[in-house]
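In this note's numbering, the protein residues as written are 146 to 376. Heads up, the beta-carbon is just placed ideally off N, CA and C, and yes, glycines get one too. Predicted, not measured: the structure shown is a model, and the values here were computed from it. Working notes for the structure below.
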């Protein structure tokens, strides 16, 4: 569905203005249908049986809900859900496969490279993420290659085969937000460690206290901190 304001304008004779150009910037809602999968009569044992043949590629709020209900597609996986779930799947995969922190950080950085390349409105696939993951898995853990897509499906993560990663979820892969009565912090996960580590953000699991060691270089902030500290 496209929004085109020209279609709502009338001539002096009360005829609608003709619309000659479809402006894709006004794209509000769209659906992609896999016709091969839609037409196919799949055997019950076929592993393609449970794959979606329909997914929405853009749309939000009441508008989206109207269209999903109108075609009886209430049970579809939304793009928002796919975006949220794939981040959980990536973190769970690293932990479940016992990749260790150094490899986990390399994996997340590699996947983030893919996310950063995807412009707004463009979709990515689980297979693309799997390729990124496989590229950093060493020989001694080769059994985990080509396993991410299978893992997502087997563990019940709700992710469409193609989806757009949302900026808020992309941030969650790299950053941890902490909100306390005295501070709001956004910390890179890879910089968090135990008190005896060399990480700039240290977390004590016994006291649940966080210590942040960070040198301030901005003169304005230094001046303001000095002023406040001396009050």
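Asked	Found
By how many angstroms is the C-alpha of residue 325 removed from the C-alpha of residue 264?	34 Å
With distances taken between CB atoms, is the gap from residue 387 to residue 278 smaller than 7 Å?	Because the chain in this structure spans residues 146 to 376, residue 387 falls outside the shown range and cannot be described.
Can you name, in chain order, every residue of its own chain whose Cβ lies under 8 Å from the Cβ of residue 269, other than the five neighbours on each side?	259, 260, 263, 307, 308, 309, 310
Assuming contact is defined by CB atoms lying nearer than 7 Å, are residue 314 and residue 228 in contact in what I supplied?	yes
Would you report the Cα separation of residue 271 and residue 374, rounded to the nearest angstrom?	50 Å
Terminal residues of the continuous alpha helix (DSSP H) containing residue 293?	293-299
Would you mind giving the Cβ-Cβ distance between residue 370 and residue 302, rounded to the nearest angstrom? I have them listed as a contact below 8 Å.	About 44 Å separates the two Cβ atoms, so there is no contact after all.
On the DSSP bridge assignment, give the partners of residue 261 in chain order.	According to DSSP, residue 261 bridges with nothing at all.
Thinking residue 255 and residue 280 are a contact (beta carbons under 8 Å), I'd like their distance in whole angstroms, please.	6 Å
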